[in-house]
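S.K.:
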Amino acid sequence: MLAAWRRLVAEPPLFIAVLAVFALLALFVIYPIFKVVEVSLVQPDGSWSLATFRTIFSSWYMRAALTNTLVTALIVAVLATAIGFAFAFAVTRTNIPFKGLLNTIAILPVISPPFVWSVAIIMLFGRNGFVTSKLLGLHDFNIYGMHGLVFAQVVTFFPVAYMTLKGVLESLDNSLEEAALDLGASRWHVFRKVTLPLARPGLASAALIVFIESMADFGNPLILSGSHFPTLAVQAYLQVTGMFDLRGGAALAVALLVPSLVAFVVQKYWVSRRRYVTVTGKPTGRSYMAVSRGAKAFLIAVTGLVSLLVISFYVAIAVGAFARLWGFDHSFTWRNFEYVFGVGREAILDTLVIAVASTPVAGILGMVIAFLVVRQRFPGRSTMEFVSLLDYALPGTLIGIGYVLAFNTRPLALTGTFAIIALHFIFRYMPLGIQAGVASLQQIHPSIEEAAINLGASTAQTFRKVTLPLVAPAFFSGLVFSFVRAMTAVSGAIFLVSADWQLMTVQILSQVGSGRLGAAAAFSMVLLAIILLATGTIRLLLGRAFGAAIQQRL
Amino acid sequence: MAALAMDIVIEGLTKVFVNRADPSRSVTAVNNVSLSIAPGQLVTLLGPSGCGKTTILRIIAGFETPTSGKVLLGGRDITHTPPNKRDTALVFQNYALFPHLTVWENVTFGLKLRKDISPEEQKARAERVLSQVGLSDMAQRSPDQLSGGQQQRVALARAIVNEPRVLLFDEPLSNLDAKLREQMRLEIRALQQRHGITSVYVTHDQSEAMAISDRIVILKDGRIEQAGTPEEVYTRPATHFVADFIGRANFVSARVAGVSKGGYDLEVNGRTVFVPGSGQDSFGPGDFVDILLRPENTYVLPRSGAVGQPVPGAGAQGELTPVVDGRLVRRSFLGAVVEYEIEVPGHPRLLAEMSNPFAWGLLEPGSEVTVYFSPRVAHLLRRP
Ligand SMILES: Nc1ncnc2c1ncn2[C@@H]1O[C@H](COP(=O)(O)OP(=O)(O)OP(=O)(O)O)[C@@H](O)[C@H]1O
Ligand SMILES: [Mg+2]
Numbered sequence: 434m435l436a437a438w439r440r441l442v443a444e445p446p447l448f449i450a451v452l453a454v455f456a457l458l459a460l461f462v463i464y465p466i467f468k469v470v471e472v473s474l475v476q477p478d479g480s481w482s483l484a485t486f487r488t489i490f491s492s493w494y495m496r497a498a499l500t501n502t503l504v505t506a507l508i509v510a511v512l513a514t515a516i517g518f519a520f521a522f523a524v525t526r527t528n529i530p531f532k533g534l535l536n537t538i539a540i541l542p543v544i545s546p547p548f549v550w551s552v553a554i555i556m557l558f559g560r561n562g563f564v565t566s567k568l569l570g571l572h573d574f575n576i577y578g579m580h581g582l583v584f585a586q587v588v589t590f591f592p593v594a595y596m597t598l599k600g601v602l603e604s605l606d607n608s609l610e611e612a613a614l615d616l617g618a619s620r621w622h623v624f625r626k627v628t629l630p631l632a633r634p635g636l637a638s639a640a641l642i643v644f645i646e647s648m649a650d651f652g653n654p655l656i657l658s659g660s661h662f663p664t665l666a667v668q669a670y671l672q673v674t675g676m677f678d679l680r681g682g683a684a685l686a687v688a689l690l691v692p693s694l695v696a697f698v699v700q701k702y703w704v705s706r707r708r709y710v711t712v713t714g715k716p717t718g719r720s721y722m723a724v725s726r727g728a729k730a731f732l733i734a735v736t737g738l739v740s741l742l743v744i745s746f747y748v749a750i751a752v753g754a755f756a757r758l759w760g761f762d763h764s765f766t767w768r769n770f771e772y773v774f775g776v777g778r779e780a781i782l783d784t785l786v787i788a789v790a791s792t793p794v795a796g797i798l799g800m801v802i803a804f805l806v807v808r809q810r811f812p813g814r815s816t817m818e819f820v821s822l823l824d825y826a827l828p829g830t831l832i833g834i835g836y837v838l839a840f841n842t843r844p845l846a847l848t849g850t851f852a853i854i855a856l857h858f859i860f861r862y863m864p865l866g867i868q869a870g871v872a873s874l875q876q877i878h879p880s881i882e883e884a885a886i887n888l889g890a891s892t893a894q895t896f897r898k899v900t901l902p903l904v905a906p907a908f909f910s911g912l913v914f915s916f917v918r919a920m921t922a923v924s925g926a927i928f929l930v931s932a933d934w935q936l937m938t939v940q941i942l943s944q945v946g947s948g949r950l951g952a953a954a955a956f957s958m959v960l961l962a963i964i965l966l967a968t969g970t971i972r973l974l975l976g977r978a979f980g981a982a983i984q985q986r987l
Numbered sequence: 291m292a293a294l295a296m297d298i299v300i301e302g303l304t305k306v307f308v309n310r311a312d313p314s315r316s317v318t319a320v321n322n323v324s325l326s327i328a329p330g331q332l333v334t335l336l337g338p339s340g341c342g343k344t345t346i347l348r349i350i351a352g353f354e355t356p357t358s359g360k361v362l363l364g365g366r367d368i369t370h371t372p373p374n375k376r377d378t379a380l381v382f383q384n385y386a387l388f389p390h391l392t393v394w395e396n397v398t399f400g401l402k403l404r405k406d407i408s409p410e411e412q413k414a415r416a417e418r419v420l421s422q423v424g425l426s427d428m429a430q431r432s433p434d435q436l437s438g439g440q441q442q443r444v445a446l447a448r449a450i451v452n453e454p455r456v457l458l459f460d461e462p463l464s465n466l467d468a469k470l471r472e473q474m475r476l477e478i479r480a481l482q483q484r485h486g487i488t489s490v491y492v493t494h495d496q497s498e499a500m501a502i503s504d505r506i507v508i509l510k511d512g513r514i515e516q517a518g519t520p521e522e523v524y525t526r527p528a529t530h531f532v533a534d535f536i537g538r539a540n541f542v543s544a545r546v547a548g549v550s551k552g553g554y555d556l557e558v559n560g561r562t563v564f565v566p567g568s569g570q571d572s573f574g575p576g577d578f579v580d581i582l583l584r585p586e587n588t589y590v591l592p593r594s595g596a597v598g599q600p601v602p603g604a605g606a607q608g609e610l611t612p613v614v615d616g617r618l619v620r621r622s623f624l625g626a627v628v629e630y631e632i633e634v635p636g637h638p639r640l641l642a643e644m645s646n647p648f649a650w651g652l653l654e655p656g657s658e659v660t661v662y663f664s665p666r667v668a669h670l671l672r673r674p
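So the protein sequences, as listed, match chains S and R.
Numbering of the first sequence is given in this note's numbering, commencing with residue 434 and proceeding in unit increments.
Numbering of the second sequence is given in this note's numbering, commencing with residue 291 and proceeding in unit increments.
1. Could you tell me which chain S residues have their CB closer than 7 Å to the CB of A351(R), listed as they occur along the chain?
2. Could you run through the segment 395-406 of chain R and flag, in chain order, every residue whose CB is less than 8 Å away from some CB of chain S?
3. Counting only beta-carbon atoms, is L640(R) nearer than 8 Å to chain S?
4. Could you tell me which whole alpha helix (DSSP H) segments of length 4 or greater appear in the segment 476-549 of chain S?
5. Flag D460(R) as yes when its Cβ comes closer than 7 Å to any non-hydrogen atom of ligand 2, and as no otherwise.
6. Going along the chain, which residues of its own chain have a beta-carbon closer than 7 Å to the beta-carbon of L529(S), five neighbours each way excluded?
7. In terms of alpha-carbon separation, which member of H530(R), S497(R), L509(R) lies closest to E521(R)?
8. Look up K360(R) in the DSSP assignment and say whether it is helix, strand or coil.
9. Going by Cα to Cα distance, which pick from W767(S), I576(S), Q894(S), V837(S) is closest to G925(S)?
10. Figure out for me which residue from N396(R), V423(R), G337(R) has the closest Cα to the Cα of P433(R).
11. For a test of the three-state rule: what should DSSP assign to P592(S), helix, strand or coil?
12. Can you list the residues of chain R that I964(S) reaches, using a CB-CB cut of under 7 Å?
13. How about the segment 933-943 of chain S and the segment 951-959 of chain S: do they share at least three Cβ pairs that are nearer than 8 Å?
14. Is the Cβ of Q894(S) closer than 8 Å to any Cβ of chain R?
15. If you follow the alpha helix (DSSP H) that T895(S) is in, where does it begin and where does it stop?
16. Just the chain S side, please: which residues come within less than 7 Å of A447(R) by C-beta, in chain order?
17. To which residues of the same chain is R348(R) closer than 6 Å at the C-beta, ignoring the five residues directly before and after it?
18. Closer than 8 Å, Cβ to Cβ, to anything on chain R: give me those residues from the segment 874-886 of chain S, in chain order.
19. Taking the Cβ atom as the reference point for each residue, do A795(S) and I859(S) lie within a distance shorter than 8 Å?
20. DSSP three-state call for T968(S): helix, strand or coil?
21. From L689(S) to V752(S), what distance separates their C-alpha atoms?
22. How big is the Cα-Cα spacing for S720(S) and L742(S)?
23. Between the C-alpha atoms of K715(S) and L847(S), what's the straight-line distance to the nearest angstrom?
24. Starting from the Cα of G314(R), find the closest Cα among N321(R), E629(R), V306(R) and give me that residue.
25. Cβ of L335(R) within 8 Å of Cβ of K343(R)?
26. For the segment 317-376 of chain R, list the beta strand (DSSP E) runs that are entirely contained and at least 3 residues long, ordered along the chain.
27. Is A319(R) close to ligand 1? I mean its beta-carbon at under 7 Å from any heavy atom of the ligand.
28. V899(S) versus chain R: which residues are under 9 Å apart at the beta carbon?
29. Run down chain S in chain order and give the residues with a C-beta less than 8 Å from the C-beta of T378(R).
30. For A379(R), which of helix, strand or coil comes out of DSSP?
31. Quick one: is the Cβ of S339(R) within less than 7 Å of any heavy atom of ligand 1?
32. Alpha carbon to alpha carbon, how far is T318(R) from G512(R)?
33. Determine, using beta carbons only, whether L910(S) comes closer than 8 Å to chain R.
34. Using 8 Å as the threshold, is the C-beta distance between Y589(R) and L610(R) below it?
35. Under the assumption that F461(S) contacts L856(S) (Cβ atoms under 8 Å), give the Cβ distance between them as a whole number of angstroms.
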């Protein structure tokens, strides 16, 4: 410990970097979260008690919100993980056709705003839905409620499980499975006794991540739950913006915080320790074909059905954006786009400005933290890692309310400004940069950096001349992901927008709220186009190295 | 020896890797190691895997902080000096070449960080060192376009070009094939002597250590077993471990029957043999000892024929003395030498390596033999 301090003091730039990162994390991560907890516990007379929680949860409606949120998250975690596993298994362990297409479909939702599917679901399965009322002739089908929400969230979040599990399955040495087959085990037996147990930590990890995402989801429940199926994130939002009850909103956010935090800690410190292999391993190339014909048919059916859904969602959005009135009059029109570029122009520009300004900062900060955490030894290192990931792991609703509470007084009176949204994005999406950085740093042998230090370079020079060039591809892929997330963020940002600074996502939600599905679809198309354009441009500029890095992350 | 005359002085170095989760599983990688190295010397740290060689090297380079103890460089305590402020250059086992830089950029990496050397001088130095390692025409290649041996040379050039006070090598040759290894170790030694840089060289290959070192330090479980010149550690190992680790060893158990004329009368299986002392040993009558017989000092002759017959070639070896009787169980004819394995009742098997085998006459497995040795080159160890 003493030696660690001594080393830190002997290298002023390192010392300053560590101090600065801690200061930033304390102010922009810890302090807002602390504010939410404080406000939920401190009474108007200044005393501390659980009174706010008692009041809020004395209403059956709020109690229902709590159980609804938890039950939905559980169901979605199980279903999305199962589907994600089916996709991952199909892609890594079988020779079914169209694997490339499956892979693309399974990662497409990642670059879409998290609630676009809800818009599509209403278009397809709503009261005037194309499938429900046109194809099936059901006129009183009700998509609103738990089933609709679970549906939307499973499609939205199975890609998260897919990406985790694909990495796990790829890095599982399939010679283990071959050995089991060779010893005379049947293919089903190999699956149950070898593949599945080896993938179990990965499955647990994926399910926990989906659980966290589902709990935190705001857009889907806002659109699809309806008034009979309250959820915490939506109720917290309504409490704050509808009833101007910050204290009650804070209490609901804290109720959301506790299960998320538990799941995050379990995932990070327990499950991921039990991985049999790291997911950074290179794919082993030849993969053995472990499935019988029946299993293959089953996998094709499951992945095919889900793929069809995803494709039909995109088609619905595209058609809806150009339709005069979805469900009634599908004749072609530019009206929706005229509306988007007229009324919505401000929001488009604001979103772009904020995302473009915040992502490089998030990326650089993320790299610095990754470098410190992976390569340096200093007191508080693991605390730094934990805190720096918090904003990404915790529900945006909580963080958004935290920013409202924390930065409304001098000297940090930021309410309604560009800065508050940008800061929120920086700290919420910096973890993507950290993860990218950590993964690539772990692949670069530390002796390469030690060689530079040994030749007389300082920590800062080593970072600039050796580490940075080597992690550049990962850096830019982290940047792209932060950018996409910033463009599609809503749950926290919705508390921070103002008349001066608008966001497209918030606009889309309000279009849906007022029943203008066409405008919402057109907005979504524009958003998707910007994202594809941006990622495509960066990919072109950086060439193959970037492609490889992105491929590795997906 | 005054500490000031030494380039590197290590005092009471201890390194414990603490296992936070389970302190009982903490590892003492280096245990109270003291060592001094004179300027221009090349000292090898030799020992089995896990004995702490790399850890000592990394402490000297500054990548690890010792739990206790000191490291002095030219009389200055550098224990807590950051690695980039130390005048040490490390040649990594995996070379650690910067993959995004060319050979030239790799070699000049350290030079460019220095303000005290003019760009012309930097260029001249880098060119000189590159030509010394025979890579002048590969300066613009990137490391992945080089063979293993060439990468090794770049790593060497990158370290030497800074003219560091100390060169550190961590098993620099372990990634090369046998032939290249022998060539490179001569090149390393030549370069090191030419530049006169004090060096610490880690290896677990004893022949490499013998070939390259001024002194060898043999480590076991983080402790120094013995330090000395290659000849010393080979002919007068301090412990059974050292004797076994450096070369091959036969141990013949004996009891000291008497002390006389700077030597010992030893009782071996009923025979009495005289072995001269090394001057440093002090055994008394009744002590149990082991006679260290190197295979090349172990001669096997037919039992019956040996008695009273002159021993061929014995003149050069001094007097050959019979020591134990046994039975030949294996013969491996290797051309220039023949290897015999002899079973002696109540003993581990003995290994003999006899050169010029036809002059001695080849023996048949199964035959009864007598083992001879030259007492002048035998060495006594106290039985543990
Ligand atoms: N960072 C570390 N944390 C915990 N234990 C360590 C660490 N580094 C080394 N050790 C332990 O310290 C001991 C000495 O390791 P060291 O690397 O110095 O051995 P070595 O002599 O270089 O071995 P080899 O010949 O295999 O390279 C070993 O038991 C090793 O497991
Ligand atoms: Mg080692």
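A virtual CB, placed ideally from N, CA and C, is assigned to each residue, including glycine.
M.R.: Taking the structure as given:
1. Here residue 351(R) refers to the residue found at position 61 when the second sequence is read from its first residue. Here the neighbours are N887.
2. Contact residues of the segment 395-406 of chain R toward chain S are F399, G400, L403, R404 (C-beta to C-beta distance below 8 Å).
3. One-based indexing of the second sequence puts residue 640(R) at position 350. No, no contact with chain S.
4. Within the segment 476-549 of chain S, the runs of alpha helix (DSSP H) that reach at least 4 residues and sit entirely inside it are, in chain order, 484-489, 493-526, 532-540.
5. In the second sequence, residue 460(R) corresponds to position 170, counting from 1. Because some heavy atom of ligand 2 lies under 7 Å away, the Cβ of D460(R) counts as near it: yes.
6. In the first sequence, counting from the first residue as 1, residue 529(S) sits at position 96. Sequence check: residue 529(S) is Ile here, not Leu. If we look at I529(S) and ignore the five residues flanking it on each side, its Cβ neighbours are A523, K729, L732, I733.
7. As a position in the second sequence, residue 521(R) is number 231, starting the count at 1. For the options H530(R), S497(R), L509(R), the alpha carbon positioned closest to that of E521(R) is the one of S497(R).
8. Counting from one through the second sequence, the residue named residue 360(R) turns up at place 70. K360(R) falls in the strand class under three-state DSSP.
9. If you number the first sequence from 1, residue 925(S) lands on position 492. With distances taken between Cα atoms, G925(S) lies closest to V837(S).
10. Residue 433(R) sits at position 143 when you count from the first residue of the second sequence. Here the closest residue by C-alpha is N396(R).
11. Sequence index remark: in the first sequence, residue 592(S) carries index 159 (1-based). Correct three-state label for P592(S): helix.
12. As a position in the first sequence, residue 964(S) is number 531, starting the count at 1. Within 7 Å Cβ-Cβ: nothing; I964(S) doesn't reach chain R, min ~30 Å.
13. Flag = yes, the segment 933-943 of chain S and the segment 951-959 of chain S touch.
14. As a position in the first sequence, residue 894(S) is number 461, starting the count at 1. It does: the Cβ of Q894(S) has a partner Cβ on chain R nearer than 8 Å.
15. As a working note, residue 895(S) is residue 462 in the first sequence. Looking at the DSSP string, the run of the alpha helix (DSSP H) that includes T895(S) is 892-895.
16. Stepping through the second sequence from its first residue, residue 447(R) is reached at position 157. Against A447(R), chain S offers no close residue; the least beta-carbon distance is about 12 Å (beta-carbon pairs closer than 7 Å).
17. Residue numbering aside, residue 348(R) sits at position 58 when the second sequence is read from its first letter. Only E354 meet the Cβ criterion.
18. If the cut-off is 8 Å between Cβ atoms, the segment 874-886 of chain S has H878, S880, I881, E883, A884, A885, I886 near chain R.
19. Position 362 of the first sequence holds residue 795(S). Position 426 of the first sequence holds residue 859(S). Yes, Cβ-Cβ distance for A795(S) and I859(S) is below 8 Å.
20. The residue given as residue 968(S) occupies position 535 in the first sequence. Residue state, collapsed to three classes: helix.
21. Locating residue 689(S) in the first sequence gives position 256, counting from the first residue. Locating residue 752(S) in the first sequence gives position 319, counting from the first residue. Each residue's alpha carbon lies about 37 Å from the other.
22. Locating residue 720(S) in the first sequence gives position 287, counting from the first residue. Locating residue 742(S) in the first sequence gives position 309, counting from the first residue. In this prediction, S720(S) has a pLDDT of 46, which is less than 50 and means its spatial position is unreliable; what the coordinates show is noted afterwards. C-alpha separation (whole angstroms): 28 Å.
23. Taking the first residue of the first sequence as 1, we reach residue 715(S) at position 282. Taking the first residue of the first sequence as 1, we reach residue 847(S) at position 414. Any reading at K715(S) is ruled out, since the residue's pLDDT is 33, under 50, leaving its predicted position unreliable.
24. Taking the second sequence and counting its residues from 1, the one referred to as residue 314(R) is at position 24. Residue identity differs from the one stated: residue 314(R) is Ser in this sequence, not Gly. Ranking N321(R), E629(R), V306(R) by Cα distance to S314(R) puts V306(R) first.
25. Counting from 1 along the second sequence, the entry for residue 335(R) is found at position 45. Counting from 1 along the second sequence, the entry for residue 343(R) is found at position 53. A contact, by the Cβ cut-off of 8 Å.
26. Fully contained in the segment 317-376 of chain R are the following beta strand (DSSP E) runs of length 3 or more, in chain order: 317-327, 332-336, 358-363.
27. Along the second sequence, one-based indexing puts residue 319(R) at 29. If you check the C-beta of A319(R) against ligand 1, you find a heavy atom less than 7 Å away.
28. Here the question's residue 899(S) lines up with position 466 in the first sequence. Correct list: F388, H390, L391, F399.
29. For the purposes of this step, residue 378(R) is identified with residue 88 of the second sequence, where counting begins at 1. Within 8 Å Cβ-Cβ: N887.
30. Position 89 of the second sequence, counted from the start, is the residue given in the question as residue 379(R). Three-state DSSP puts A379(R) in a strand.
31. Against the second sequence, residue 339(R) aligns to sequence position 49. Distances from the CB of S339(R) to the heavy atoms of ligand 1 include at least one below 7 Å.
32. The sequence position of residue 318(R) within the second sequence is 28, counting from 1. The sequence position of residue 512(R) within the second sequence is 222, counting from 1. Using only the alpha carbons, I get a separation of about 7 Å.
33. Numbered from its first residue, the first sequence carries residue 910(S) at position 477. Reading off the sequence shown, one finds Ser at residue 910(S), where the question assumed Leu. S910(S) does not count as touching chain R.
34. Numbered from 1 along the second sequence, position 299 holds the residue referred to as residue 589(R). Numbered from 1 along the second sequence, position 320 holds the residue referred to as residue 610(R). Between Y589(R) and L610(R), the CB-CB gap stays under 8 Å.
35. Within the first sequence, residue 461(S) is the residue found at index 28, counting from 1. Within the first sequence, residue 856(S) is the residue found at index 423, counting from 1. Yes, they are in contact, since the Cβ atoms of F461(S) and L856(S) sit about 6 Å apart, within 8 Å.
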